[in-house]
Ligand code: C2E
Ligand code: MG
Ligand code: MG
Ligand code: MG
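In full-length UniProt numbering, the protein residues as written are 325 to 611.
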């Protein structure tokens, strides 16, 4: 009897696996057409000054508006796009669309005039030979001044190919684009790359902010990251701030910038501009 049960369970598991594999296969096929069908969409999340609660910029976050599955988060398709090589075209689209939208807002709203636009880049894009050429083309097309762009990359990119990355960063710096290290603390964190590369901004990964902030150990590690960043002349953004308490503690630790649901969720362009440019910011955050 037990054996039968086990076998049944095995069958169910097998079927679920089959269903999952099928779904992946469907998504894979759909993904290739999604760009042409214009199914990708950017959401925007505010980045805030912790002391003044002022908006200082926003991060573009891609979603896939799948005709059957609905809004699919990036975690479910970015690595697939990387495996299939689609990430290059998708990445270029994201870059273009974020710059286009930023420039539209800058022209339309005075509040947006000095804001930075943060754009995530995959390691595959960093290794792509035409990256700088594409960036130049996009800035020309959209008329966005590149000094407003912040490129977000993860630290794992920095462990390989020093020379290529150094040359690339040199070209990026010439254009006054800022380089931001995303999800700091989750990868091969090493002081040597803070020493080897001139990075402008460090984003502390949300897993640190969401640890128990009543523990001295947590506070010490946050304080250390923040001090290291400022000692290297970098700006610091605390990611994943969900509560007022987290915001206050990060501010007390000297962190100047924050991002997270406490300040605002990622929103589509229409709702983002209604929320952040067409209403009084001060009334949104009640201290
Ligand atoms: P990320 O760049 O670290 O972006 C921050 C993620 O944290 C976003 O998830 C955002 O929605 C989420 N988040 C923001 N505030 C909070 C908070 O208070 N609490 C919690 N729990 N989460 C918060 P999202 O949009 O699902 O994106 C996930 C990741 O996908 C991004 O992490 C980034 O690595 C990648 N990604 C997103 N858009 C792009 C893109 O256009 N290109 C590439 N290559 N990667 C992208
Ligand atoms: Mg990011
Ligand atoms: Mg992050
Ligand atoms: Mg992330």
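Yeah, the Cβ is synthetic: ideal placement off N, Cα and C, and Gly gets one too.
These figures come from a predicted structure and were not determined experimentally.
- Item | Segments assigned alpha helix (DSSP H), at least 4 residues, entirely inside the segment 478-518 | For the segment 478-518, whole alpha helix (DSSP H) runs of length 4 or above, ordered along the chain, are 486-498.
- CA nearest to the CA of residue 562, picked from 505, 581, 395: Looking up residue 562 in the chain shown gives position 238. Residue 581 is the option with its Cα nearest to residue 562.
- Task: Answer yes if the segment 492-510 comes into contact with the segment 463-483, meaning at least three C-beta pairs across the two stretches below 8 angstroms, and no otherwise.
- Result: With a cut-off of 8 angstroms, the segment 492-510 and the segment 463-483 count as touching, because enough Cβ pairs lie within range.
- Task: Could you please give the first and the last residue of the uninterrupted beta strand (DSSP E) stretch that includes residue 386?
- Result: For the purposes of this step, residue 386 is taken as residue 62 along the chain shown, with counting starting at 1. Taken as a continuous stretch (DSSP letters only), the beta strand (DSSP E) holding residue 386 covers 379-390.
- Message: Nearest by alpha-carbon distance to residue 365: which of 379, 354, 542, 390 is it?
- Response: Here the question's residue 365 lines up with position 41 in the chain shown. Selected option, being the one with the closest Cα: 390.
- Item | residue 357, DSSP secondary structure in three states | On the chain shown, residue 357 is found 33 positions in, with the first residue counted as 1. Residue state, collapsed to three classes: helix.
- With distances taken Cα to Cα, identify the nearest neighbour of residue 418 among 339, 458, 586. Within the chain shown, residue 418 is the residue found at index 94, counting from 1. 458 is the residue among 339, 458, 586 whose C-alpha sits nearest the C-alpha of residue 418.
- Item | Validate contact between the segment 569-584 and the segment 342-356 using beta carbons, cut 8 angstroms, 3 pairs | No: fewer than three Cβ pairs fall under 8 angstroms.
- Residues with a Cβ closer than 6 angstroms to any heavy atom of ligand 2, in chain order? Residues whose Cβ lies closer than 6 angstroms to any heavy atom of ligand 2, listed in chain order: 383, 444, 476, 506.
- Would you call residue 446 buried or exposed, if buried means 16 or more other Cβ atoms sit within 10 Å of its Cβ? As a working mapping, residue 446 is identified with position 122 in the chain shown. Answer is buried; the Cβ neighbour count reaches 16.
- Item | residue 527: CB within 8 angstroms of a non-hydrogen atom of ligand 3 | In the chain shown, counting from the first residue as 1, residue 527 sits at position 203. Residue 527: yes, Cβ under 8 angstroms from ligand 3.
- Query: Straight-line CA distance for residue 594 to residue 372?
  - Reply: Taking the chain shown and counting its residues from 1, one reaches residue 594 at position 270. Taking the chain shown and counting its residues from 1, one reaches residue 372 at position 48. So the alpha carbons of these two residues sit roughly 20 angstroms apart.
- Who are residue 474's beta bridge partners in DSSP? On the chain shown, position 150 is the one that residue 474 refers to. Answer is 442, 502, bridged to residue 474.
- Task: Between the Cα of residue 511 and those of 484, 392, 500, spot the shortest distance and give me the residue it belongs to.
- Result: Residue mapping note: residue 511 aligns to position 187 of the chain shown, counting from 1. Of all alpha-carbon atoms in 484, 392, 500, the one lying nearest the alpha-carbon of residue 511 is that of 484.
- Between residue 558 and the rest of its own chain, which residues show a CB-CB distance below 7 angstroms, the 5 nearest in sequence each way excluded? Position 234 of the chain shown, counting from 1, holds the residue named residue 558. Answer for residue 558: 523, 524, 525, 526, listed in chain order.
- Give the straight-line distance between the Cα atoms of residue 565 and residue 384, rounded to the nearest whole angstrom. As a position in the chain shown, residue 565 is number 241, starting the count at 1. As a position in the chain shown, residue 384 is number 60, starting the count at 1. Linking residue 565 to residue 384 through their CA atoms gives a straight-line distance of about 17 angstroms.
- Task: Return the residue from the list 490, 576, 497 that minimises the CA-CA distance to residue 474.
- Result: Walking along the chain shown from the start, residue 474 turns up at place 150. It is 497 whose Cα lies nearest to the Cα of residue 474.
- Task: Leaving out five residues on either side along the sequence, give the residues of the same chain with a beta carbon under 7 angstroms from the beta carbon of residue 500.
- Result: Reading the chain shown from its first residue, position 176 is the one you call residue 500. Excluding positions up to five away in sequence, the list reads 470, 471.
- Task: With a cut-off of 8 angstroms on the beta carbons, I'd call residue 382 and residue 438 a contact; round off their distance for me.
- Result: Stepping through the chain shown from its first residue, residue 382 is reached at position 58. Stepping through the chain shown from its first residue, residue 438 is reached at position 114. Not a contact, Cβ separation roughly 12 angstroms.
- Task: Measure the CB-CB distance between residue 363 and residue 388 and report whether it falls below 9 angstroms.
- Result: Indexing the chain shown from 1 puts residue 363 at position 39. Indexing the chain shown from 1 puts residue 388 at position 64. Yes. Within cutoff.
- In three-state terms, what does DSSP make of residue 580? By 1-based counting over the chain shown, the position of residue 580 is 256. Coil.
- Can you give me the start and stop residues for the beta strand (DSSP E) that residue 364 sits inside? The residue labelled residue 364 in the question sits at position 40 within the chain shown. That run of the beta strand (DSSP E) goes 364-373.
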